[in-house]
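J.:
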Amino acid sequence: MSANYTIFTDSGCDLSKELLEEWGVPCECLTYRFNDSEEEFKDRSKPMAEFYEKMRKKGVAKTAAVTPEAFTAAFSKVLEAGTDVLYLGFSSGISNTYNAGRIATEQLRIKYPERKIIAVDTLCASAGLALILKLVLEKKEAGATIEEAAQYAENIKLKICHWYTVDDLVYLKRGGRVSPMLAFAAAVTGIKPIMNMNNEGKLISISKVRGRRNAIQALAQKYKEEAETPGTGHIFISHGDCEEEAKQLADLIHQETGATVDLITEIGAVIGAHAGPGTIALFFVGRNR
Numbered sequence: 002m003s004a005n006y007t008i009f010t011d012s013g014c015d016l017s018k019e020l021l022e023e024w025g026v027p028c029e030c031l032t033y034r035f036n037d038s039e040e041e042f043k044d045r046s047k048p049m050a051e052f053y054e055k056m057r058k059k060g061v062a063k064t065a066a067v068t069p070e071a072f073t074a075a076f077s078k079v080l081e082a083g084t085d086v087l088y089l090g091f092s093s094g095i096s097n098t099y100n101a102g103r104i105a106t107e108q109l110r111i112k113y114p115e116r117k118i119i120a121v122d123t124l125c126a127s128a129g130l131a132l133i134l135k136l137v138l139e140k141k142e143a144g145a146t147i148e149e150a151a152q153y154a155e156n157i158k159l160k161i162c163h164w165y166t167v168d169d170l171v172y173l174k175r176g177g178r179v180s181p182m183l184a185f186a187a188a189v190t191g192i193k194p195i196m197n198m199n200n201e202g203k204l205i206s207i208s209k210v211r212g213r214r215n216a217i218q219a220l221a222q223k224y225k226e227e228a229e230t231p232g233t234g235h236i237f238i239s240h241g242d243c244e245e246e247a248k249q250l251a252d253l254i255h256q257e258t259g260a261t262v263d264l265i266t267e268i269g270a271v272i273g274a275h276a277g278p279g280t281i282a283l284f285f286v287g288r289n290r
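Residue numbers (the working numbering): 2 to 290.
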């Protein structure tokens, strides 16, 4: 059968368990723990409002990638049932999770030489990973083979635009993604960064605006400027415990282009630990990144 394969992902996609089940996509979870405890949790296993509230109270979360052993166990269940595996992974520019999945696929090809096992480094994160996942699922539903689906993911991944803004740079400063001087200046002046995911799957700062409202407007403007076909195609938004502002962004895009946002999802703990509460991110297919 041309479509006898299962598409896997990981919790770097920031999709709820319910939606992943609806899409029929198994997911392996990254983990986190706060610095005042040794207790480790799977991504999204605790209420996200509780997680972000602890961050606002100066809690610092440490995150960990999925292990090769976890991927091996998950993939093996499917392979033993006679089904091939296509894993679409969280950007290797941000996490070691994809490499763990790749190691698992390489080992399993030896154990299951009759099966097709493919791993794709999507170079995407959050709902950007969710978006490429959705697009590949549509290809599968249209009859694409596992090889065709994997190649499509490779062909389109550098057209998945990721545009972010954060409310407080202190969280990115902790992870070394912005300088302490910039974080301090932003806190004093109210400057908000407009950030992008580059072709290496890493987060980079592109520009700065003054004030939260202008930052949200700047994200909507990026859609107008960069979308491959403005007004059509999937548009996803993710947010760090600021759903109303995410809805404002969706409304702006609709008012200015007629396009409708398909999905607004909450950023999970693993990405949220680095981006912080108040993060808003916009994802769509562009001419390039």
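Glycine residues also receive a C-beta, built at the ideal position from the N, C-alpha and C atoms.
#1: Tell me whether serine 3 sits in a helix, a strand or coil according to DSSP, three-state version.
#2: Tell me the residue span of the beta strand (DSSP E) that contains asparagine 197.
#3: Ends of the alpha helix (DSSP H) at aspartate 252?
#4: If you follow the alpha helix (DSSP H) that tyrosine 99 is in, where does it begin and where does it stop?
#5: For arginine 34, which beta-bridge partners are listed by DSSP?
#6: Quick one: grab the DSSP three-state call for threonine 230.
#7: Could you check where the beta strand (DSSP E) with lysine 209 kicks off and where it finishes?
#8: Taking only the alpha-carbon atoms, compute the straight-line gap between lysine 193 and isoleucine 118 and give it to the nearest angstrom.
#9: Using the Cα positions of valine 121 and alanine 154, report the straight-line distance between them to the nearest angstrom.
#10: Tell me whether serine 77 sits in a helix, a strand or coil according to DSSP, three-state version.
#11: Buried or exposed: which applies to glutamate 19, given that a residue is buried once 16 or more other Cβ atoms fall within 10 Å of its Cβ?
#12: Measure the Cβ-Cβ separation of isoleucine 281 and valine 262 and say whether it is below 7 Å.
#13: Would you mind stating whether aspartate 15 and isoleucine 268 have Cβ atoms separated by less than 7 Å?
#14: Using a 10 Å radius around the Cβ and a threshold of 16 neighbouring Cβ atoms, would you call isoleucine 111 buried or exposed?
#15: Starting from glycine 90, follow its DSSP beta bridges and name the residues at the other end.
#16: Let me check understanding here. Comparing Cα to Cα, which of Val26, Ser93 and Glu227 lies closest to alanine 75?
#17: According to DSSP, is valine 171 helix, strand or coil?
#18: From serine 3 to alanine 151, what does the alpha carbon distance come to, in whole angstroms?
#19: Contact between the stretch 90-98 and the stretch 41-61 is defined here as three or more beta-carbon pairs at a separation below 8 Å; is this criterion met?
#20: Could you tell me which residues DSSP puts in a beta bridge with tryptophan 164?
#21: DSSP has cysteine 14 in a bridge; who is on the other side?
T.: Straight from the coordinates:
#1: Bear in mind that the predicted position of serine 3 carries a pLDDT of just 47, short of 50, making it too unreliable to give a figure here.
#2: Following the DSSP letters along the chain, one finds asparagine 197 inside the beta strand (DSSP E) bounded by residues 192-198.
#3: Its alpha helix (DSSP H) spans residues 244-258.
#4: 98-112 is the extent of the alpha helix (DSSP H) around tyrosine 99.
#5: Arginine 34 is bridged to Lys63.
#6: DSSP, read as helix, strand or coil, puts threonine 230 in coil.
#7: Run containing lysine 209: 204-211, per the beta strand (DSSP E) assignment.
#8: Their backbone Cα atoms lie some 42 Å apart in a straight line.
#9: Valine 121 and alanine 154 have their C-alpha atoms spaced approximately 7 Å apart.
#10: Looking at serine 77 - three-state DSSP - the assignment turns out to be helix.
#11: Note on glutamate 19: under 16 other CB atoms within 10 angstroms of its CB, so exposed under the neighbour-count rule.
#12: When the beta-carbon positions are compared, isoleucine 281 and valine 262 stay at least 7 Å from each other.
#13: Taking 7 Å as the Cβ cut-off, aspartate 15 and isoleucine 268 qualify as a contacting pair.
#14: So isoleucine 111 counts as exposed.
#15: DSSP, once it has assigned bridges, lists Asp122 as partnering glycine 90.
#16: Among Val26, Ser93 and Glu227, the Cα nearest to that of alanine 75 is on Val26.
#17: It is helical.
#18: Low per-residue confidence applies at serine 3: pLDDT is 47, beneath 50, and the placement is therefore not dependable, though the value from the model is reported in the following sentence. Their backbone Cα atoms lie some 13 Å apart in a straight line.
#19: Result no; under three Cβ-Cβ pairs closer than 8 Å.
#20: The partner list for tryptophan 164 (beta bridge, DSSP) reads Asn197 and Leu283.
#21: Bridge partners of cysteine 14: none, in fact.
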